[in-house]
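Residue numbers (our numbering), protein chains in the order written: chain A, 984 to 1095; chain B, -4 to 104.
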């Protein structure tokens, strides 16, 4: 069965650069969630979208923005990157309001 | 506010030993609790949901509302159980999943 797809899987950027992470949900899933997992840390909720509208916001820095498109894929845009942004960024998808989130493999961002 | 606490970071046992991974929660409503597992270099995946009350890969977890706990147990650990385990709480009000800090289970031969 198709799973959540994230691209790229690995990304290396320098400080103050920008990065765009992409997430393709499972077909017919209309809700997308983004999480940040720092080294040795638990996944921290960043933001979620339902039907292209932001539905909830967590600890997402102002330097980050995200959106969901008409095909339900989502992009997380990160600007003015800092060393502390180095982390694994997970995307998850679910049908609206459903408790089970299906996670992607993550994008490992390294900021040097 | 919802909170999930996993008090230990690492549990190392020998194969065949019993395992208990602790999880406590704080939530004002009726909680929905889960255990997620992350094997090395793999994505997070759901292991157990408290409502289902089933045993997956020999693991069970019982919700104890009096102690606000949802500990994960397995009577006889296997080497393939070595992974990172996260306890998580779901809030239906805002569709938010809150994770604990996770615990690394290491099962030695």
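Backbone N, C-alpha and C define an ideal beta-carbon position, used for all residues, glycine too.
I'd like to check one pair, residue 1025(A) with residue 94(B): are the Cβ atoms closer than 7 Å?
Translated into positions along the second chain, residue 94(B) becomes position 99. Translated into positions along the first chain, residue 1025(A) becomes position 42. Yes, these two residues count as a Cβ contact at 7 Å.
Starting from residue 36(B), follow its DSSP beta bridges and name the residues at the other end.
As a first step, residue 36(B) must be located in the second chain, where it is residue number 41. For residue 36(B), which the question treats as bridged, DSSP gives no partner whatsoever.
Meets three-Cβ-pair contact criterion under 8 Å: the segment 49 to 64 of chain B and the segment 993 to 1004 of chain A:
Verdict: no, contact absent.
Closer than 7 Å by beta-carbon distance: list the chain A residues that pair up with residue 59(B), in chain order.
Taking the first residue of the second chain as 1, we reach residue 59(B) at position 64. The CB of residue 59(B) never comes closer than 7 Å to any CB in chain A; the least such distance is about 20 Å.
Is residue 104(B) closer than 7 Å to residue 75(B) when the C-beta atoms are compared?
Along the second chain, read from residue 1 onward, the residue named residue 75(B) stands at position 80. Along the second chain, read from residue 1 onward, the residue named residue 104(B) stands at position 109. In this structure, the beta-carbon distance from residue 75(B) to residue 104(B) does not fall below 7 Å.
CB-CB under 6 Å to residue 1034(A), same chain, minus the five flanking residues each way: which ones, in chain order?
Counting from 1 along the first chain, the entry for residue 1034(A) is found at position 51. Closer than 6 Å at the Cβ level, and outside the excluded window around residue 1034(A), lie 1013.
How about residue 56(B) and residue 67(B): do their beta carbons lie closer than 7 Å?
For the purposes of this step, residue 56(B) is identified with residue 61 of the second chain, where counting begins at 1. For the purposes of this step, residue 67(B) is identified with residue 72 of the second chain, where counting begins at 1. Their beta carbons are under 7 Å apart, which means residue 56(B) touches residue 67(B) by this criterion.
Would you mind working out which of 1062(A), 985(A), 1082(A) sits nearest residue 83(B), comparing C-alpha positions?
The residue labelled residue 83(B) in the question sits at position 88 within the second chain. The alpha carbon of residue 83(B) has as its nearest neighbour, out of 1062(A), 985(A), 1082(A), the alpha carbon of 1082(A).
Counting only beta-carbon separations shorter than 7 Å, does residue 90(B) have a partner in chain A?
Position 95 of the second chain, counted from the first residue, corresponds to residue 90(B). For residue 90(B), the nearest CB of chain A lies under 7 Å from its own CB, placing it at the interface with that chain.
Continuous beta strand (DSSP E) stretch holding residue 1040(A): start and end
On the first chain, position 57 is the one that residue 1040(A) refers to. For residue 1040(A), the enclosing beta strand (DSSP E) begins and ends at 1036 to 1040.
Three-state secondary structure (DSSP) at residue 62(B)?
Taking the second chain and counting its residues from 1, one reaches residue 62(B) at position 67. Coil.
Measure from the C-beta of residue 1084(A) to each C-beta in chain B and report whether the shortest distance is under 7 Å.
For the purposes of this step, residue 1084(A) is taken as the residue at position 101 of the first chain. Yes, because at least one Cβ of chain B sits closer than 7 Å to the Cβ of residue 1084(A).
Taking its Cβ as the centre, do 16 or more other Cβ atoms sit within 10 Å of residue 1061(A), making it buried, or is it exposed?
As a first step, residue 1061(A) must be located in the first chain, where it is residue number 78. Residue 1061(A) comes out buried.
Is the beta carbon of residue 1003(A) less than 7 Å from the beta carbon of residue 1058(A)?
Numbered from its first residue, the first chain carries residue 1003(A) at position 20. Numbered from its first residue, the first chain carries residue 1058(A) at position 75. Residue 1058(A) sits close to residue 1003(A), with the two beta carbons spaced by under 7 Å.
Could you tell me if residue 1090(A) is buried or exposed, where buried requires 16 or more neighbouring beta carbons within 10 angstroms of its beta carbon?
By 1-based counting over the first chain, the position of residue 1090(A) is 107. Answer is buried; the Cβ neighbour count reaches 16.
C-alpha distance - residue 44(B) paired with residue 29(B), whole-angstrom precision
Here residue 44(B) corresponds to residue number 49 of the second chain, with the count starting at 1. Here residue 29(B) corresponds to residue number 34 of the second chain, with the count starting at 1. Counting only the Cα atoms, residue 29(B) lies some 5 Å from residue 44(B).
Inter-residue spacing [alpha-carbon to alpha-carbon] between residue 34(B) and residue 16(B):
As a position in the second chain, residue 34(B) is number 39, starting the count at 1. As a position in the second chain, residue 16(B) is number 21, starting the count at 1. Cα to Cα, the separation comes out at about 16 Å.
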